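K.L.:
Structure in structure tokens, see below.
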Amino acid sequence: MEITMYDTLLQLPLFQGLCKNDFTNIIGKVKLHFRKYNADDIIVEQGAPCTQLIFLLNGEITSQATDNQHSYSLFETFGSPFVIEPYSLFGMQTNYTATYKARTNINIVTIDKLFVLNELNNYEIFRLNYLNILSNRAQVAYEKLWNSHIGNTEEKILNFLVLRSMKPEGKKILKIKMEDLASLIDETRINVSKVLNDLQEQGLVQLSRKAISIPALEKLTEKNK
């Protein structure tokens, strides 16, 4: 394995803080599975069992989380280094909450759950990194829930997006009918349409048939602070 690969792996959130000697020992004990994907290839599908940690080493991937009950989908983009849903490996529901596809040609490495439990869990830094990821996600989700239906129409739209996004910045695409969005945030369709058109004039969203594209969610968040 080349030095550059070591460096890339050590940048991943779960391995940050590990020295190269410890990481060399890990590689000697843990089976790392490397794989390449071409653009548009599916990595995992929503609802599939999560039985491994998947690390994005380079390139970009997109996620698609679909709520069939309310007929909408949210698309997000992630760059490397990135770990796909480490929180789905344990708990009552150990299934992926979104479908992940390669946006560009990518390289990933996977580690089976068995090796996470039997080998990686022996390293205190790995355990702390994992606990921090899980705790941060729980704390952020708790904070989001407090604001889910608070504020004016624009703030409700923003809260709807933030609550369902895995990261609070970057490009998002929400595929949804205007009347469905209005119903989900307890607003009228006229109010939702007016606010979205105002945001489009400001360059913060782009509207198309049954889709709302947000070039940079953080800009919309900053506007509402």
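For the sequence shown, the UniProt record's numbering begins at 1 and goes up steadily by one. For each residue, glycine too, the CB sits at the ideal point set by N, CA and C. For clarity, every value in this text was computed on a predicted model and none was experimentally measured.
Between which residues of its own chain and Leu12 is the CB-CB distance below 7 Å, once the five residues before and five after are set aside?
P.N.:
Position 12 of the sequence shown, counting from 1, holds the residue named residue 12. Closer than 7 Å at the Cβ level, and outside the excluded window around Leu12, lie Phe55, Pro81, Val83.
K.L.:
Is it buried or exposed, Phe78, if we count other Cβ atoms within 10 angstroms and call 16 or more buried?
P.N.:
Start at 1 with the first residue of the sequence shown, and residue 78 comes out as number 78. The residue in question, Phe78, is buried, as its Cβ has 16 or more Cβ neighbours within 10 Å.
K.L.:
Which class does Ile3 belong to by DSSP, given the choice of helix, strand or coil?
P.N.:
If you number the sequence shown from 1, residue 3 lands on position 3. Below a pLDDT of 50, predicted positions are generally treated as unreliable, and Ile3, at 44, falls in that range; the measurement from the model is reported next regardless. Ile3 falls in the helix class under three-state DSSP.
K.L.:
I'd like to know if the segment 38-54 and the segment 92-100 are in contact, where contact means that at least 3 CB-CB pairs between them fall below 8 Å.
P.N.:
The answer is yes - the segment 92-100 touches the segment 38-54, with three or more Cβ pairs under 8 Å.
K.L.:
Buried or exposed: where does Ile26 fall if 16 or more other Cβ atoms within 10 Å of its Cβ makes it buried?
P.N.:
The sequence position of residue 26 within the sequence shown is 26, counting from 1. Result: buried.
K.L.:
Report all residues from its chain with a CB closer than 8 Å to the CB of Arg137; omit the five preceding and five following residues, and keep chain order.
P.N.:
For the purposes of this step, residue 137 is taken as residue 137 along the sequence shown, with counting starting at 1. Here the set comprises Tyr87.
K.L.:
Do Leu120 and Phe126 come within 7 Å of each other at the CB atom, strictly closer than that value?
P.N.:
Sequence index remark: in the sequence shown, residue 126 carries index 126 (1-based). Sequence index remark: in the sequence shown, residue 120 carries index 120 (1-based). Going by C-beta atoms, Phe126 is nearer than 7 Å to Leu120.
K.L.:
Considering Asn191, what are the terminal residues of the alpha helix (DSSP H) in which it resides?
P.N.:
Within the sequence shown, residue 191 is the residue found at index 191, counting from 1. Counting along the chain, the alpha helix (DSSP H) containing Asn191 begins and ends at 189-201.
K.L.:
Can you give me the C-alpha to C-alpha distance between Lys20 and Asn224, rounded to a whole angstrom?
P.N.:
The residue given as residue 20 occupies position 20 in the sequence shown. The residue given as residue 224 occupies position 224 in the sequence shown. Each residue's Cα considered, the two are about 43 Å apart.
K.L.:
Does the pairing of the segment 60-74 with the segment 162-170 give three or more beta-carbon distances under 8 Å?
P.N.:
Result yes; three or more Cβ-Cβ pairs closer than 8 Å.
K.L.:
Can you check which of these residues, Lys171, Asn107, Asp40, is closest to Leu74 by C-alpha distance?
P.N.:
Taking the first residue of the sequence shown as 1, we reach residue 74 at position 74. Cα-wise, what sits closest to Leu74 is Lys171.
K.L.:
Should Lys210 go down as buried or exposed, given a rule of 16 or more other Cβ atoms within 10 Å for buried?
P.N.:
As a working note, residue 210 is residue 210 in the sequence shown. Per the 10 Å Cβ criterion, exposed.
K.L.:
Quick one, are the C-beta atoms of Glu169 and Glu222 less than 7 Å apart?
P.N.:
Looking up residue 169 in the sequence shown gives position 169. Looking up residue 222 in the sequence shown gives position 222. No, the Cβ-Cβ distance between Glu169 and Glu222 is not below 7 Å.
K.L.:
Could you name the residues that DSSP lists as bridge partners for His33?
P.N.:
Looking up residue 33 in the sequence shown gives position 33. DSSP output for His33 lists Thr110 as bridge partner(s).
K.L.:
Go ahead and label Asn105 buried or exposed: buried means 16 or more other beta carbons lie within 10 angstroms of its beta carbon, across all protein chains shown.
P.N.:
Residue 105 sits at position 105 when you count from the first residue of the sequence shown. Asn105 comes out exposed.
K.L.:
Which term fits Ala182, buried or exposed, when burial requires 16 or more other beta carbons within 10 angstroms of its beta carbon?
P.N.:
Indexing the sequence shown from 1 puts residue 182 at position 182. Buried, by the Cβ-count rule.
K.L.:
Under the rule that 16 or more other beta-carbon atoms within 10 Å means buried, what is Glu201, buried or exposed?
P.N.:
By 1-based counting over the sequence shown, the position of residue 201 is 201. Flag for Glu201 reads exposed.
K.L.:
Keeping to the same chain, check which residues put their C-beta closer than 6 Å to that of Lys36; ignore five residues upstream and five downstream.
P.N.:
Counting from 1 along the sequence shown, the entry for residue 36 is found at position 36. Once the five neighbours on either side are set aside, the close Cβ partners of Lys36 are Asn107.
K.L.:
Taking all protein chains shown into account, decide if Gly17 is buried (16 or more other Cβ within 10 angstroms of its Cβ) or exposed.
P.N.:
Residue numbering aside, residue 17 sits at position 17 when the sequence shown is read from its first letter. With fewer than 16 Cβ atoms within 10 Å of its Cβ, Gly17 is classed as exposed.
K.L.:
Among Leu10, Lys144, Phe15, Leu204, which residue has its Cα nearest to the Cα of Glu124?
P.N.:
As a working note, residue 124 is residue 124 in the sequence shown. The option with the nearest alpha carbon to Glu124 is Phe15.
K.L.:
Tell me the rounded alpha-carbon separation between Asn38 and Arg103.
P.N.:
In the sequence shown, the residue the question calls residue 38 occupies position 38. In the sequence shown, the residue the question calls residue 103 occupies position 103. Their backbone Cα atoms lie some 8 Å apart in a straight line.
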